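K.L.:
Under the numbering used here, think of the first position of the sequence shown as 250, with each following residue one higher. Cβ atoms here follow ideal geometry from the backbone N, Cα and C, with glycine treated the same way. Just so we're clear, the structure is a prediction, and the values are computed from it rather than from any experiment.
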Amino acid sequence: SVTDEWAGAAIGGPKARQILASCVTGTAVDNATLPFMGLVRGEIAGVPVMICRLSFSGEMAFEVYSGAGHGTHVWEALVEAGKPFGLVTYGLEALGTMRIEKGHVTGAEIDGRTTARDLHLDWMLSKKKPFIGSAMMDREGLIASDRLELVGLIALDNLPFNGGAHIVEEVDE
């Protein structure tokens, strides 16, 4: 395996292509040159890179790979190139949340304990014919009215929650 020889970074969102175009040399990253599931080779900050257009999150996204010893340098160049575009870095937990919001299901959601209803994806299910998992969805434990439900929350002031924050009910005394 050559996995340890590579460093990778993902860049996603509506301005991802513009950010890449501003810092990649040796190739174009337009849709004709780099379509979905495409791969090109170029350079970022003088470092040879491979750029793949694919998306785990459902957003316009790219993965950038360089030699492992150059990963930090390429990352820093991407962050610098993204500053004029308002780039914000994010981690794997945020990526997982974006994936769920887009409806991309993976093993974490299809382990036999989570249904499409739990994820509010029941609109995707056929009402006319059976589908993989349809028999499971009507099991007693999976249709209980007190079953846990995945919900999203937005703060009233639209500010981000602090990590580890507790959500409590406001009580007038």
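Could you tell me the distance, in whole angstroms, from the CA atom of Gly295 to the CA atom of Asp387?
P.N.:
Distance between the alpha carbons of Gly295 and Asp387: 57 angstroms.
K.L.:
Using DSSP bridges, identify the partner residues of Gly427.
P.N.:
Residue 427 falls outside the range modelled here, since the chain spans only 250 to 422, and no answer is possible.
K.L.:
Return the CA-CA distance between Thr276 and Val337, expressed in angstroms with no decimal places.
P.N.:
C-alpha separation (whole angstroms): 25 angstroms.
K.L.:
State the CB to CB distance for the pair Met373 and Ala384, rounded to an integer number of angstroms; the pair is presumed to be in contact (CB under 8 angstroms).
P.N.:
That belief does not hold up - the Cβ atoms of Met373 and Ala384 are roughly 17 angstroms apart, past 8 angstroms.
K.L.:
Can you tell which of Gly318, Tyr314, Gly307 and Ile293 has its C-alpha closest to the C-alpha of Cys301?
P.N.:
Here the closest residue by C-alpha is Tyr314.
K.L.:
If we call anything under 8 angstroms between Cβ atoms a contact, is Met309 one with Gly257?
P.N.:
Taking 8 angstroms as the Cβ cut-off, Met309 and Gly257 do not qualify as a contacting pair.
K.L.:
In three-state terms, what does DSSP make of Ile293?
P.N.:
Note: Ile293 maps to strand in three-state DSSP.
K.L.:
Excluding the five sequence neighbours on either side, which residues of its own chain have a C-beta within less than 6 angstroms of the C-beta of Gly331, listed in chain order?
P.N.:
The answer, listed in chain order, is Ile268.
K.L.:
Report all residues from its chain with a CB closer than 7 angstroms to the CB of Ala317; omit the five preceding and five following residues, and keep chain order.
P.N.:
Excluding residues within five positions, the ones whose Cβ falls inside 7 angstroms are Asp253, Glu254, Trp255 and Ala256.
K.L.:
Measuring CB to CB, does Cys272 end up less than 8 angstroms from Leu327?
P.N.:
Contact: yes.
K.L.:
Starting from the Cα of Gly352, find the closest Cα among Asn411, Gly307 and Val278 and give me that residue.
P.N.:
The shortest C-alpha separation from Gly352 is found at Gly307.
K.L.:
In three-state terms, what does DSSP make of Ser315?
P.N.:
Strand at Ser315.
K.L.:
Let me know the secondary structure DSSP gives Val337 once reduced to three states.
P.N.:
Val337: coil per DSSP, three-state reduction.
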